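**Q** Residue numbers for the sequence shown follow my numbering, beginning at 169 and rising by one.
The beta-carbon is built from N, C-alpha and C at its ideal position, and this holds for glycine as well.
If you're wondering where the values come from, they're calculated on a predicted model, not measured in any experiment.
Here you go, one structure.
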Amino acid sequence: MTARIQTEQELWEKIAALGLSEDDPQLPGIVCSLIGHSRIQTYGFWYYYCARCGTQLGDTLAGVYSGAEKAVIVGHDCDICRANYEELTWRDKFMVDDPFKKEKSTAATVDK
Ligand SMILES: [Zn+2]
Ligand SMILES: [Zn+2]
């Protein structure tokens with residue numbers, strides 16, 4: 169029996185018990201297996217991906233992706249994403265960057 173992880177503290181204790189370090193490349197996937205995928209997601213080519221572990225979560229081509237309307241799309245920054253963001257918990261934000269963080273300008277957009 170594994171008790172459901174309720175707090176970030178418990179999660180870190182679980183990670184420590186597994187002998188994983190904070191920068192272990194496997195950590196994001198393990199975190200998702202412990203607490204579920206983040207509702208912060210990236211979207212591209214009709215597919216949604218977990219912003220934490222990169223797993224493909226659903227696609228909008230084959231049918232309706234049930235998680236889409238609750239998802240916060242990285243870099244999207246629309247009213248729906250903003251509203252959904254308010255619903256997120258630490259489980260969604262753990263090890264996931266701020267989805268509304270402005271990306272550093274790329275070379276294509278820098279110079280005036
Ligand atoms: Zn995930
Ligand atoms: Zn949006």
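1) Could you give the first and the last residue of the continuous beta strand (DSSP E) run that contains Gly-212?
2) Entirely within the region 178-227 and at least 4 residues each: give me those alpha helix (DSSP H) ranges in chain order.
3) Please say whether Cys-218 and Gln-209 have beta carbons closer to each other than 8 Å?
4) Go through its chain and collect everything with a Cβ distance to Leu-188's Cβ below 6 Å, but skip five positions before and after it.
5) Alpha carbon to alpha carbon, how far is Trp-180 from Asp-192?
6) Would you tell me roughly how many angstroms separate the C-alpha atoms of Met-169 and Arg-259, rounded to the nearest one?
7) Whose CA, out of Tyr-215, Ala-185 and Tyr-211, lies closest to the CA of Leu-202?
8) Of the residues Glu-190, Ile-241, Glu-178 and Trp-214, which one's Cα is nearest the Cα of Pro-282?
**A** In short:
1) On the sequence shown, residue 212 is found 44 positions in, with the first residue counted as 1. Looking at the DSSP string, the run of the beta strand (DSSP E) that includes Gly-212 is 208-212.
2) Counting only runs of 4 or more, we get 195-203.
3) Taking the sequence shown and counting its residues from 1, the one referred to as residue 209 is at position 41. Taking the sequence shown and counting its residues from 1, the one referred to as residue 218 is at position 50. Yes. Within cutoff.
4) In the sequence shown, counting from the first residue as 1, residue 188 sits at position 20. Once the five neighbours on either side are set aside, the close Cβ partners of Leu-188 are Leu-195.
5) Mapped onto the sequence shown, residue 180 falls at position 12. Mapped onto the sequence shown, residue 192 falls at position 24. Roughly 13 Å separates the two Cα atoms.
6) The residue given as residue 169 occupies position 1 in the sequence shown. The residue given as residue 259 occupies position 91 in the sequence shown. Bear in mind that a pLDDT of 45 at Met-169, under 50, signals an unreliable position, so the model cannot answer this.
7) Residue 202 sits at position 34 when you count from the first residue of the sequence shown. A check of alpha carbon separations from Leu-202 across Tyr-215, Ala-185 and Tyr-211 identifies Ala-185 as the nearest.
8) Given that the chain is displayed from residue 169 to residue 280, the structure contains no residue 282 and the question cannot be resolved.
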